[in-house]
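Sequential numbering from -1 applies to the sequence shown in the numbering used here.
The beta-carbon is built from N, C-alpha and C at its ideal position, and this holds for glycine as well.
Reading through the structure tokens given below for one structure.
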Amino acid sequence: KQRLGIAQAMLGLPELLILDEPTNGLDPPQIAAMRPILRRYAETGRTVVVSSHLLAEVEMTCTHVVVMHAGRVVTQGPVADLVDSDDTTILDLPEHVGHDVVSAAVHALEASDGIIEVRVDTPTRLVVVADRGRAEVVAAAVAAGLPVVGVSSRRHLEEVFLGVISSATGPGEGATGEPGDEGASLIERLRQVRAR
């Protein structure tokens, strides 16, 4: 039923295709098959807008994202730019690492110069925000006793979403505390596409 609805929406090849939760009710193979269909449709120069709370699926399907909170745009941009971060280092730890080791290392890292935030993402994954280079963060982590087995800067879209929502200073306000003008520019771009 969901696939039929999407196919009907694509009939006539509209310049703007708006889909609300397009993968709702689809099984994993159907979801995987839907991704390239939507990408190919967009590659023809048409705009596909997907509204979804399934952020992992959005990350795998979409090229750009707009995050809204309380009716306002709080961030937007290419998915690749949002999930890659210059100030964030993700440290992967071995499965056997003890909670005490991680806890002590987190406290040591938090006391280090240039470390802004240390968050335990999972028992084997730390997210470190710093205003110093990634190599320096890794060196500080190893010096703090962490057996680091992997390093990256790529966050998941869910982490980005939760971060920008928590940094929004009030209902309907963006990260700067001012109502976002970004929403108006997005609406204007959608109107331009529609006018074609």
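Looking at the DSSP output, glycine 148 shares a beta bridge with Asp90.
Rounded to whole angstroms, glutamate 156 and alanine 166 show a C-alpha spacing of 15 Å.
Looking from the CA of methionine 8, the closest CA among Tyr39, Ile114, Thr61, Thr120 belongs to Tyr39. Excluding residues up to 5 positions away in sequence, Glu19 lie with their Cβ nearer than 8 Å to the Cβ of histidine 51 in the same chain. Methionine 32 counts as buried, since no fewer than 16 other beta carbons sit within 10 angstroms of its beta carbon.
About 6 Å separates the beta carbon of leucine 24 from that of glutamine 0, a gap short enough to meet the 8 Å contact definition.
Rounded to the nearest angstrom, the gap between the Cα atoms of valine 162 and histidine 67 is 9 Å.
Between the region 141 to 157 and the region 56 to 71 there are three or more C-beta pairs closer than 8 Å, enough to call the two in contact. Shortest Cα-Cα distance from glycine 75 to any of Leu124, Glu93, Cys60, Thr86 involves Cys60. Looking from the CA of alanine 138, the closest CA among Ala106, Thr21, Thr120 belongs to Ala106. Proline 121: not part of any alpha helix (DSSP H); DSSP gives it neither H nor E. According to the DSSP assignment, aspartate 84 belongs to no beta strand (DSSP E), since it is labelled neither H nor E.
Assignment of beta strand (DSSP E) within the region 35 to 117, counting only whole runs of 3 or more residues, yields 45 to 49, 62 to 67, 70 to 76, 86 to 90 in chain order.
Counted as a single uninterrupted DSSP element, the stretch harbouring leucine 15 is not any alpha helix (DSSP H) but the beta strand (DSSP E) occupying residues 14 to 18. A distance of 8 Å or more separates the beta carbons of alanine 109 and glycine 143. Under the DSSP assignment, arginine 1 falls in the alpha helix (DSSP H) whose first and last residues are 0 to 8.
Listed in chain order, the non-local C-beta contacts of leucine 11 below 6 Å within the same chain number zero, local neighbours out to five positions each way being set aside. Per the coordinates, the alpha-carbon of aspartate 90 lies some 15 Å from the alpha-carbon of valine 127.
Taking 8 Å as the cut-off, the beta carbon of valine 77 is found closer than this to the beta carbon of glutamate 57. Cβ atoms of leucine 14 and valine 48 stay farther apart than 8 Å, at about 12 Å.
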